[in-house]
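Under my numbering, the residue at position 7 of the sequence shown is numbered 56, and the numbers go up by one with no gaps.
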Amino acid sequence: MDAGVIGTGVMGRNHVRVYSELKEVGTTYVYDLNTKAAEEVAAATGAEVCRSMEELLRKADCVSACVPTPYHFKTAGEVIAAGVHTLIEKPLCLTVRECEQLIAQIPDGLTVGVGHIERFNPVVTEVARVVQDPLYVSFHRHNPASARVSGSTVVEDLMIHDIDVAFNVLFPGREYTLTASGTGDVAAALAAFGRTPVYLSASRKSSKKVRSLYIEEEDRTIEGDFMTQEVYVYKKPEIYGQENGLYRQENIIEKLLVNKVEPLKIELSTFLRAARDGKPFTVTPAQGLSNVRVCEAISRSLAA
50 MDAGVIGTGV
60 MGRNHVRVYS
70 ELKEVGTTYV
80 YDLNTKAAEE
90 VAAATGAEVC
100 RSMEELLRKA
110 DCVSACVPTP
120 YHFKTAGEVI
130 AAGVHTLIEK
140 PLCLTVRECE
150 QLIAQIPDGL
160 TVGVGHIERF
170 NPVVTEVARV
180 VQDPLYVSFH
190 RHNPASARVS
200 GSTVVEDLMI
210 HDIDVAFNVL
220 FPGREYTLTA
230 SGTGDVAAAL
240 AAFGRTPVYL
250 SASRKSSKKV
260 RSLYIEEEDR
270 TIEGDFMTQE
280 VYVYKKPEIY
290 GQENGLYRQE
300 NIIEKLLVNK
310 VEPLKIELST
320 FLRAARDGKP
330 FTVTPAQGLS
340 NVRVCEAISR
350 SLAA
């Protein structure tokens, strides 16, 4: 299949690079309002530059929409109207209302997905495989400030990754309550799924980059690091005691075997296969809408 990318920001450039590397792709096309930027990306990857959206939509079988969030609704709507399979970088749209309007435009048989990249991180795959009955869950996603991010709070920028994992992987379809506090740059939310609290924190003020998941169950604790792609399982201590007045315990620690991969490659390969086979993408527009709905609820608490 021939693939197209609209937008040459950081994520757009990565989409062009990965499409150009995938054996499932024939030709990769790229379009940006800034023609010079598109030409630079094309020169580095071997992609072909299109001079208009219309040209790209004529040539590409499937398209990644990697434009800034305020333009998701308009851009993705044009791609969908052209009957081209569409992957929309997260979030699906800027608001719940836009998400609902966009979903209403999707015809049967067209594959449309949302690019929540952490869903394809092998840490999420492995944790989803081993988790059984979480009693407590916490996510921490902290980042130094980035000049590339504008027009969105830390919730839509960073926390939304963990919202997607919590609400669609660990507790899909479950009823919840939600409280939150913070600012546009530092935020914390507490969701409760029944009696299980799920804590989410996100910051753009950190001096250290953190991407972690922590789950407590009755007899074990699971820790995952999204960056190193490592998962550890800690079993209940076999030995408690004191030696020379110092507390001592021994745990059984198991490091799970994780096949380390670039999540974006898995995401785009999955999108291509779904488009080719006429099947839904892993992260559906309905799930993308759900994620934006949670983001809006949290953002209202931040503004209150």
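All C-beta atoms in this analysis are idealised placements derived from N, C-alpha and C, irrespective of residue type, glycine included.
What you are looking at is a predicted structure, and each value in this text was computed from that prediction instead of being measured.
Under 7 angstroms: does the beta carbon of residue i sit that close to some heavy atom of the ligand HEM?
i: Leu-106; result: Inclusion of the ligand HEM in the displayed structure is not the case, the ligand content being empty and no account of it being possible.
Please return the same chain residues whose Cβ sits closer than 7 angstroms to the Cβ of residue i, not counting the five positions on each side in sequence.
i: Met-189; result: What sits at residue 189 in the sequence shown is His, not Met. Cβ within range, chain order: Ser-250, Val-259, Ser-261.
i: Val-90; result: Thr-57, Arg-62, Val-65, Val-79, Ala-96
i: Ser-348; result: Thr-202, Val-204
i: Glu-147; result: Phe-122
Does residue i pass the burial test, meaning 16 or more other C-beta atoms within 10 Å, or should it be called exposed?
i: Asn-308; result: exposed
i: Ala-93; result: exposed
i: Pro-156; result: exposed
i: Leu-295; result: exposed
i: Gln-278; result: buried
i: Gln-154; result: exposed
i: Met-60; result: buried
i: Thr-118; result: buried
i: Leu-207; result: buried
So, for residue i: in the same chain, excluding its five sequence neighbours on each side, which residues have a beta-carbon less than 6 angstroms away from its beta-carbon?
i: Phe-169; result: Pro-312, Ile-315, Glu-316
i: Leu-136; result: Ser-113, Gly-162, Gly-164, Phe-320
i: Ile-212; result: Asn-340, Val-343
If you follow the alpha helix (DSSP H) that residue i is part of, which residue opens it and which one closes it?
i: Ser-69; result: 59-70
i: Ala-238; result: Looking at the DSSP string, Ala-238 is not in any alpha helix (DSSP H); the run it does join, the beta strand (DSSP E), is 235-242.
i: Ser-318; result: 312-326
i: Leu-105; result: 102-108
i: Ala-178; result: Note that residue 178 is Arg in the sequence shown, not Ala. Looking at the DSSP string, the run of the alpha helix (DSSP H) that includes Arg-178 is 171-179.
Starting from residue i, follow its DSSP beta bridges and name the residues at the other end.
i: Phe-188; result: Leu-249, Leu-262
i: Ile-302; result: Tyr-283
i: Val-163; result: Ile-137
i: Ser-230; result: Ala-237
Using a Cβ-Cβ cut-off of 8 angstroms (strictly less than) and excluding sequence neighbours within five positions of residue i, which residues of its own chain qualify?
i: Gly-327; result: Gly-158, Thr-160
i: Arg-77; result: Inspection of the sequence shows that residue 77 is occupied by Thr rather than by Arg. The residues are Asp-51, Ala-52, Gly-53, Val-54, Val-65, Tyr-68, Ser-69, Thr-94, Gly-95, Ala-96, Glu-97.
List the endpoints of the continuous beta strand (DSSP E) containing residue i.
i: Ile-55; result: 52-55
i: Asp-213; result: Element bounds for Asp-213: not the beta strand (DSSP E) but the alpha helix (DSSP H), 209-214.
i: Asp-274; result: 269-274
Length-filtered (3 minimum) beta strand (DSSP E) runs lying within the stretch 79-159: 111-114, 134-138
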